[in-house]
Amino acid sequence: MYIKNIALVNIGAYEGYNTFSFETSPNQNVLLISGENGAGKTTLLHAIKLGLFGAYSFGYKTDNKDYLKKIEQILHRKAQLDDANCYSITIQFTLTEQYKEHHYELHREWKKSTDTIVEQVSLKENDVYVNEAQFDLFQSKLKEIMPPQLLDCCFIDGEEITQIITHNQLPHYIERLTKTVFHLDLFETLESDLSAYIKQQDQQPKKDISEQELIQITQVEQQLRTQLATTKAGLLHTTQTLEYITEAYHNMKATFEKHGGLHKQQREAIIQQITTIDMQRKQRAEEIKNFVAESLPFFLMTNLVNDTYHQLQKEQDTLLAKQVEDKFSDEAMLTLLTALNLPPSQEQGITLKAKLLQLIQPNDEVTIIQNYTWTEVAKVEHIHTLIQKPLPEHYANLFKQNQVELTRLQHLKDQLNTHDQTNEFSELIEQMDDYNTQMLTLQQQMATQETSLDELQNTLNDVLHKKTKITAQLHQTHKATGSLAEAQKVITVSQLYREAQVKKHIQVIQQQAIQNITLLFRKTDYITSLTINPETFDITLRDAKQQVLDKEMLSAGEKQMLLLAIIWAIFSCSGRQVPFVFDTLLSRLDQTHKTILLQNFIPYMGTQTILLTTDSEMNESYYALLQPHIAQHYTLHFTVAEQRTTITTKQQIDTNNEVLT
């Protein structure tokens, strides 16, 4: 999209007719709009979105009362008091469709009556007015090419960037921006809508049992995927913390050795033994604790578990026989006899059906105790298999082994204390011991998280396997074409596609971001590598020695430059031609960073870059840097007495200065 012109009539602080030309050229792509706070810069920003999308810009589908109330607040107050009846936004812009440029003029006007506001919209395409049906098609097309959420991403507020940096929201912002720019948010919306549809259908009565199972297992799958993502994020944090503690330990160890630490090998051997024994004891204790909490009660009730298991097996056979009996009607048996080239008589059919049921039904009568699900059956089968193992003896041996190791551990600690009391470097040793304890705790935490991650992944694999079997059953019984199965297929394909696309785009964005950082950072070779985690969107920075850089060590200005470098990379890799609007971008930067942005960033961000600044941001020296790239320069002045904003162009300012001279 390329915006050519916008005209405001009695909108916000703009009284009467006001127009802005946004025309640019390849060498002059910057539109500078300066003025004090409250002069109408943000109003102009919101007018672009409102003029293009109307009620949809506020999230409404129609011109409802809430939307019209918002419009009434936007209209110029003095014009309303003077009973003016003309309020409008007119935007001229171009869109490229199938390699052909189309020119549009969208006029959105509001008229006030005694008790309401009426909105009227007209559109010209290549200087020809379109009818209502064509306008509806255009609105749908515009939402695809330039949806409001993408337009929001093009409006970059300096204050918002500061909030993102201050509240450590960088991964969340990059994730939202990447998914929006590359249209991946549409797939998330599709998956959410389909999941809501599946859940809604699950609430409908008399649903086929297979479809109910598919809905339930899909919900379990979604819960497991959420737990997996949370566990992965926690494991990543633990890993990074362990790396930091390990590095600090090695640095202190080097200091200890450099200044003549004695008995190093002997002491380290004792510490290693203590660490190993302590970790093994804690692992055994955790195993014993889990066994007592989860499995021991079933070993104490072995007979009850066995009876329950055999009862469920018989119930399954009985239910299967009932289903077969219901399916094999007299007509079905006659058809089967005919297919087998046997005499199709009713007696033969009854005999054959009885023989088949005899193969399935249990030998004795079974009373159905409960309507079980596949999940309940699986749990009982798992418990029955578990109690066949000699686990109590195993955990008793673990308990005895822990008692033996406790005595050995105390002996080693006594040796270590005796050694440290005679060592002049005891303070360093205590600090290293503290680091060792932290590393041990983090290693155990990592092991627990990795175990949890493996268990969740295995559970998810089991769920996916059972889900595949259910889907296959639906297909075999001519239900695969049903709406729920098809919806689930789409969700699965969409999830796989999104994951693949994110990884592909992240690879290119990382390379482009490093090039941008080289242009925007004043410290040469300070950051030589940038990695974005495709799942958590967490950023890892490395220096020239490939050492991980702590992002918290960056200054506020450097963090802002880092974010701008990534934003630049995302839009560059997307290939989108969009107008960029920067609102008070320079307000919180130092002189050097401002100069870099004006020389290396603003002129090259896109074919159309709108820069909104206050008087304090853009002084003469900064203006001189940007002037060769400025296509249009507007200055906004708000007069309190008249309650209106006046627009002055650069040409008018120069002319007035010449007259005064």
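Counting from 1, position 562 in the sequence shown corresponds to residue 562 in the UniProt record's numbering; the numbering is continuous, with no gaps. Just so you know, even glycine gets a beta-carbon here, dropped at the ideal spot from N, CA and C. A quick note: this is a predicted structure, and the numbers were derived from the prediction, not measured.
Item to check | arginine 108, enclosing beta strand (DSSP E) - first and last residue | outcome: 100 to 112
Checklist entry - From alanine 485 to serine 195, what distance separates their C-alpha atoms? => result Distance between the alpha carbons of alanine 485 and serine 195 is about 12 Å.
Checklist entry - Looking at the C-beta of isoleucine 383, does it have a partner C-beta in chain D at a distance below 8 Å? => result Of the chains in the structure shown, none is chain D; there is only one protein chain.
Next on the checklist: Quick check on this structure: which residue in Asn126, Gln120, Asp82, Glu119 has the alpha carbon closest to the alpha carbon of lysine 100?
Outcome noted: Asn126
Checklist entry - Who are the Cβ neighbours of glutamine 643 in its own chain at under 7 Å, not counting the five residues just before and after it? => result Arg77, Lys78
Item to check | Contact belief for leucine 586 with glutamate 617 at Cβ below 8 Å, rounded distance in angstroms | outcome: 4 Å
Checklist entry - What is the rounded straight-line gap between the Cα of valine 9 and the Cα of alanine 631? => result When the Cα atoms are used, valine 9 and alanine 631 turn out to be separated by approximately 24 Å.
Item to check | Terminal residues of the beta strand (DSSP E) in which aspartate 157 lies | outcome: 155 to 157
Item to check | Nearest neighbour of glutamate 15, chosen from Gln80, Arg284, Phe291 [CA to CA] | outcome: Gln80
Next on the checklist: Quick check: threonine 166 and leucine 456, are their CB atoms within less than 8 Å of each other?
Outcome noted: no
Checklist entry - Any heavy atom of the ligand MN closer than 7 Å to the CB of glutamine 401? => result Summarising the ligand content, the structure contains no ligands, and the ligand MN is consequently not present.
Item to check | alanine 556 versus lysine 141: straight-line alpha-carbon distance, rounded | outcome: 40 Å
Item to check | Unbroken beta strand (DSSP E) run spanning histidine 629, endpoints | outcome: It is not in any beta strand (DSSP E) - histidine 629 carries neither H nor E in the DSSP assignment.
Next on the checklist: To the nearest angstrom, how far is the alpha carbon of valine 130 from that of serine 122?
Outcome noted: 8 Å
Next on the checklist: If distances are taken between C-alpha atoms only, which option among Gly349, Leu519, Ile277, Trp374 comes closest to threonine 407?
Outcome noted: The shortest C-alpha separation from threonine 407 is found at Ile277.
Item to check | phenylalanine 582, enclosing beta strand (DSSP E) - first and last residue | outcome: 580 to 583
Item to check | the region 20 to 30 contacting the region 107 to 119, beta-carbon criterion three pairs below 8 Å | outcome: no
Checklist entry - Where does the unbroken beta strand (DSSP E) through asparagine 10 begin, and where does it stop? => result 2 to 11
Item to check | Which listed residue (Leu150, Asn436, Asp615) has its alpha carbon closest to that of methionine 279 | outcome: Asn436
Next on the checklist: Among the candidates Thr238, Asp185, His107, Lys49, whose CA atom is the shortest distance from the CA of alanine 148?
Outcome noted: According to the sequence displayed, residue 148 carries proline and not alanine. Each of Thr238, Asp185, His107, Lys49 was checked against the Cα of proline 148, and the nearest Cα belongs to Lys49.
Checklist entry - Considering tyrosine 173, what are the terminal residues of the alpha helix (DSSP H) in which it resides? => result Boundaries of the alpha helix (DSSP H) around tyrosine 173: 170 to 181.
Next on the checklist: Give me the DSSP bridge partner(s) of threonine 90.
Outcome noted: Ala7, His107
Checklist entry - In three-state terms, what does DSSP make of histidine 237? => result Histidine 237 falls in the helix class under three-state DSSP.
Item to check | Between the CA atoms of alanine 472 and serine 345 - distance to the nearest angstrom | outcome: Rounded to whole angstroms, the separation of the alpha carbons of alanine 472 and serine 345 is 35 Å.
Item to check | Simplified DSSP state of tyrosine 56, which is helix, strand or coil | outcome: helix
Item to check | Inter-residue Cα distance where the pair is phenylalanine 299 and isoleucine 387 | outcome: 6 Å
Checklist entry - Should asparagine 29 be labelled buried (16 or more other beta-carbon atoms within 10 Å of its own) or exposed? => result Flag for asparagine 29 reads buried.
Checklist entry - Do tyrosine 622 and leucine 598 come within 8 Å of each other at the CB atom, strictly closer than that value? => result yes
Checklist entry - With DSSP run on the structure shown, which of helix, strand or coil describes phenylalanine 22? => result coil
Next on the checklist: Would the region 486 to 493 count as touching the region 182 to 199 if we require 3 or more Cβ pairs under 8 Å?
Outcome noted: Yes, since at least three Cβ pairs between the region 486 to 493 and the region 182 to 199 fall closer than 8 Å, the two stretches touch.
Next on the checklist: Can you tell me whether valine 578 is buried or exposed? The criterion is at least 16 other CB atoms within 10 Å of its CB, across all chains shown.
Outcome noted: buried
Item to check | Test item: CB-CB of leucine 177 and isoleucine 567 under 8 Å | outcome: yes
Next on the checklist: Tell me which residues share the same chain as phenylalanine 580 and place their Cβ nearer than 6 Å to its Cβ, disregarding the 5 neighbours each side in the sequence.
Outcome noted: Cβ within range, chain order: Cys154, Met605, Gly606, Thr609.
Checklist entry - isoleucine 288 bridges to which residues according to DSSP? => result Answer is none; isoleucine 288 lacks a bridge partner.
Next on the checklist: Using the Cβ count rule (16 or more neighbours within 10 Å means buried), how would you classify glycine 59?
Outcome noted: The Cβ neighbour count for glycine 59, taken over all protein chains shown within 10 Å, is under 16; the residue is labelled exposed.
Checklist entry - At which residues does the beta strand (DSSP E) containing glutamate 125 begin and terminate? => result 117 to 125
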